Structure formats: structure tokens, C-alpha cells
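**Q** The structure follows.
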Amino acid sequence: MQLADLLTDIHALEESILIFERKYGVRSETFYAAYISGEEPDDEHWVLDFSEWASVYQTWLARQAAYRNEVQRLQRGTASLSGLIRVAV
6 MQLADLLTDI HALEESILIF ERKYGVRSET FYAAYISGEE PDDEHWVLDF SEWASVYQTW
66 LARQAAYRNE VQRLQRGTAS LSGLIRVAV
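Read in my numbering, the sequence shown has 67 at position 62, and its numbers run on one by one without any break.
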């Protein structure tokens, strides 16, 4: 995946994440830690939201890692930010 595509995905995922964080009043990393430890939602109406939130957050984490890896790969050929921007655009 290209750097620009990864960044577009990251921004779209962050928009979805913000919706969940505002709705439930909890940061995603706090929610996700509880979710993966098996904590169940208090309200059965939250189950689908929690499942989607966890999925979006997992994808966001994966895209963040892919972005970092791609930046490192591109910076091997050019150490400067300007050089990275030229390659990424």
C-alpha cells in the first residue's frame, strides 16, 4: 500500500473512532484493553457498536504499523522529511 493510501485510511478510521469515543466517553485504547480482556457491555444494545469499534481500532492499529514501516522503508533512500514528502506524493 502506498503511503498516501495508508494515510487516507488512517484518517477515515480516526473519524470513525472519534464517533465511538464521543458516544461512549472513553478513549479507544481504554475501551480496547477492556474489550480484549473479555469485558462485556453493560447494555445489550452496545454489543454491535463494541464489535465494530474493536474492529475499526484493530484496523487503525494495523494501518499505523504499516505506515511506520513504509516510512522507514522510504527513508532508507532519503533521510530528510523533504525527501520523504517528495517520494510520498
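Ideal Cβ positions, reconstructed from N, Cα and C, are used throughout, including at glycine.
Note that the structure is predicted; figures quoted are calculated from it, not measured.
1) Please report the distance separating the alpha-carbon of V61 from that of R73.
2) Would you mind sorting S33 into buried or exposed? The rule is 16 or more other CB atoms within 10 Å of its CB.
3) Report all residues from its chain with a CB closer than 6 Å to the CB of D14; omit the five preceding and five following residues, and keep chain order.
4) Alpha carbon to alpha carbon, what distance is there between S87 and E44?
5) Taking the continuous alpha helix (DSSP H) assigned at R32, which residues delimit it?
6) Run through DSSP, which three-state label would S56 get?
7) Taking DSSP as the reference, what is the three-state secondary structure of D48?
8) Taking all protein chains shown into account, do 16 or more other C-beta atoms lie within 10 angstroms of the C-beta of L23, making it buried, or fewer, making it exposed?
**A** Taking the coordinates as given:
1) 18 Å
2) buried
3) R68
4) 45 Å
5) Per DSSP, R32 belongs to no alpha helix (DSSP H) and is neither H nor E.
6) helix
7) coil
8) exposed
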